[in-house]
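With the UniProt record's numbering, letter number 131 in the sequence shown gets 131, and the count goes up by one each step, no holes.
This report concerns only the one structure given below.
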Amino acid sequence: MITRYITMDTFFSAVLGDLLSRSISFMVDSYYQKHQGVEENLQCLHRLLLRIQAIVEEADSRHITNQAMLLQLRMLSNMMYRGYYFLDNFRCRIVQAHAQDEVRDHSLALSSFNPLKQFCFSTTTRKMVSEVSERKELHKMLGHLESIVSDMQEFVVFVSSYPRMSRQPYCSYLLLENCMFGRQEEQERVINFLLARHPPGGEEVIDVLPIIGPGRVGKSTLVEHVCHDERVRKYFSTIVFYGLGSIENNGDMAFLPDTGAVKYRNPVSGKQSLAIIELVDEMDDETWKKILHSLRGDHIAPVSKIIIMSRSNKIELFGTTKALQLDFLPKEVFWYFFKTIAFGSTSPVEEPKLASICMDIAASVNRSFIGLNVHGSILRSNICAQFWYSYLKRLKYYTDKHVRLFGEHPRDTNKNNGGLTYVWMHKNKHGCSGLATYKLFQASSISQNNLPTIRSIDMVSRNVKPRAKYEVLEWQSSIPPYYSYIAQYEILAQPKLMLPPKRKRSGALSEELV
């Protein structure tokens, strides 16, 4: 009797296992049939995005001054970035799903009585429900882009009427590396403020535009590009920059007109000057009154406009117009920029596995401009899935470690923790696997001859022998104001929490980037 029960249990287990296998096979076959239709929709989505990208790039090459046209261009660009982010994210999920399917199929093939089959059956059911939702999102995105393309005919006609800007033919990543990306609308707003004339009787008033944003978000880059605009240079006879050393917030002498650096001089234009003031944090009202009094007095030319930049929202009170708030790029826009820099001349469409890894790396960088260029250039130097995956693992490990130690992402490192940021390098024959950087400095374009010879890419390769301290060239910007970013590193055999050093980096031509 016992033998009969055992035989019946074995029989029912075999029947149940066979039924589960047939059900899963049916679902898998249905999945791949539906996946073929999804792939066609993805190709259609890609074609629509290419059409929109062609329109955006053509509009970017034109000197558009109409505010309504610029607003439409901004909306079209944002939709393009959202579409590419959706497309790449969708394809990355397909790659990840295929990898999971291979693992599952391997597990099921080990034994016909594998207890994981019941779990895989429920997982497959949940997966099918998720795919239905994803297909609805795909159809919604397709419909939205199709309506946008159909409405762009008049926009294209108007764009063609604007003069073309001179631009050398570059690859996409070279073009983006040599231009200010994603700030065209903000640039036009600042220029419109500068070119706006005073009302009759208001010539003695100094107009002030505050520009507020976190550190390393691109405030100086934006203002520098504004100052290079031909319209601005024709309007002002002098453009003077006042940096951190020009302002002493200690009472008696808050500001001296002759401490500024003349960035541009045009004797032919009108007799009025533009003053640019850069602060790190905030300023009290008394100091600001002294600055205004100083600028109204003995000066190269009467100051009619002031741009003041700071991380503090309190400078908004000094403005005569609404402050311009700068923030890091949205994730969709950042992803478009990051993948272009990382892949270079390689097409992400042809490398779906690399694109999936790259999207995870972009998320870890957390929309940092410096991180984008540093990590993007390192990835572009070795377009290999093994290298990128290894890079991703170490980047996530040390980013998580930094967050645990300091409670913030390395991008947001500030003077509260001495600028200490954990980074990493490959383990080499010397046994060096971890580093910590104490400070990040920025050097102006006039001090390029004193730059370190070691680059960040050397730190993640096997080309550096251990020393107590390093000064490393993290990134050298190819656009105005042509800053170079220098980091101080210390190699650690076992990365651990270290106190920041009390000494400051020597050198008159370098400033601490706090």
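A virtual CB, placed ideally from N, CA and C, is assigned to each residue, including glycine.
Query raised in the report: Does DSSP put residue 337 in a helix, in a strand, or in coil?
Result: Correct three-state label for residue 337: helix.
Requested in this report: State the beta-bridge partners of residue 309 as determined by DSSP.
Outcome: 211 and 278
Report task. Would you list, in sequence order, the uninterrupted alpha helix (DSSP H) runs of no fewer than 4 residues that lie entirely inside the segment 137-172? Result -> Within the segment 137-172, the complete alpha helix (DSSP H) runs of at least 4 residues are 153-159.
**Report entry** Distance, residue 133 Cα to residue 72 Cα
**Finding:** 30 Å
**Report entry** Option in 440, 311, 274 and 275 with minimal Cα separation from residue 283
**Finding:** 311
Query - C-alpha gap between residue 307 and residue 69, whole angstroms - result: 26 Å
Query raised in the report: How far does the beta strand (DSSP E) with residue 239 in it reach, from first residue to last?
Result: 238-242
Requested in this report: Give the range of the alpha helix (DSSP H) segment to which residue 379 is assigned.
Outcome: 369-380
**Report entry** Simplified DSSP state of residue 351, which is helix, strand or coil
**Finding:** coil
Query raised in the report: For residue 383, which three-state DSSP category applies?
Result: coil
Query raised in the report: For residue 383 versus residue 340, is the C-beta distance shorter than 7 Å?
Result: no
Report task. Whole angstroms is fine: what's the gap from residue 228's alpha carbon to residue 480's? Result -> 9 Å
Query raised in the report: How about residue 489 and residue 475: are their beta carbons less than 7 Å apart?
Result: Not a contact, by the Cβ cut-off of 7 Å.
Query raised in the report: DSSP three-state call for residue 291: helix, strand or coil?
Result: Note: residue 291 maps to helix in three-state DSSP.
**Report entry** 8 Å Cβ shell around residue 55 - same chain, five flanking residues per side excluded
**Finding:** 76, 152, 155, 156 and 159
Query raised in the report: In or out: residue 544 buried (at least 16 other Cβ within 10 Å) or exposed?
Result: Since the first residue shown for the chain is 1 and the last is 514, residue 544 is missing from the structure and cannot be characterised.
**Report entry** Helix, strand or coil at residue 363 according to DSSP, with G and I counted as helix
**Finding:** helix
**Report entry** Boundaries of the beta strand (DSSP E) in which residue 476 is found, first to last residue
**Finding:** 470-476
**Report entry** Integer-rounded CB distance, given that residue 61 should sit under 8 Å from residue 164
**Finding:** About 6 Å; that satisfies the 8 Å criterion.
Query raised in the report: Where residue 178 and residue 399 are concerned, what is the direct C-alpha to C-alpha distance, given to the nearest angstrom?
Result: Distance between the alpha carbons of residue 178 and residue 399 is about 28 Å.
Query raised in the report: Just the Cα atoms here: how many angstroms apart are residue 409 and residue 261?
Result: 34 Å
Query raised in the report: Can residue 206 and residue 303 be called in contact, C-beta distance under 7 Å?
Result: For the 7 Å CB-CB criterion, residue 206 and residue 303 form a contact.
Report task. Could you have a look at residue 328 and say whether DSSP puts it in helix, strand or coil? Result -> coil
Query - Three-state secondary structure (DSSP) of residue 391 - result: helix
Query raised in the report: With residue 195 and residue 235 assumed to form a contact (beta carbons below 8 Å), what rounded beta-carbon distance in angstroms separates them?
Result: 6 Å
Query raised in the report: Distance, Cα to Cα, residue 386 vs residue 80?
Result: 30 Å
Query raised in the report: What number of angstroms, rounded off, separates the C-alpha of residue 322 from the C-alpha of residue 459?
Result: 44 Å
Report task. Consult DSSP for residue 224 and reduce its assignment to one of helix, strand or coil. Result -> Looking at residue 224 - three-state DSSP - the assignment turns out to be helix.
**Report entry** Helix, strand or coil at residue 64 [DSSP, three-state]
**Finding:** coil
Requested in this report: Tell me where the alpha helix (DSSP H) around residue 322 begins and ends.
Outcome: Residue 322 -> no alpha helix (DSSP H), and no H or E assigned at all.
Requested in this report: Mind checking which residues open and close the alpha helix (DSSP H) that includes residue 265?
Outcome: Looking at the DSSP string, residue 265 is not in any alpha helix (DSSP H); the run it does join, the beta strand (DSSP E), is 261-265.
Query raised in the report: Closest to residue 263 by CA distance: which of 286, 40, 242 and 411 is it?
Result: 242
Requested in this report: Spell out a yes or no on whether the segment 138-152 and the segment 39-57 are touching, meaning 3 or more CB-CB pairs, one atom from each, closer than 8 Å.
Outcome: Verdict: yes, contact present.
Query raised in the report: DSSP on residue 95, reduced to helix/strand/coil?
Result: The three-state reading of DSSP puts residue 95 in helix, counting H, G and I together.
Query raised in the report: Under the rule that 16 or more other beta-carbon atoms within 10 Å means buried, what is residue 539, buried or exposed?
Result: Given a span of 1 to 514 for the chain in the structure shown, any question on residue 539 remains unanswerable.
Requested in this report: Report all residues from its chain with a CB closer than 8 Å to the CB of residue 220; omit the five preceding and five following residues, and keep chain order.
Outcome: 278, 309, 481 and 483
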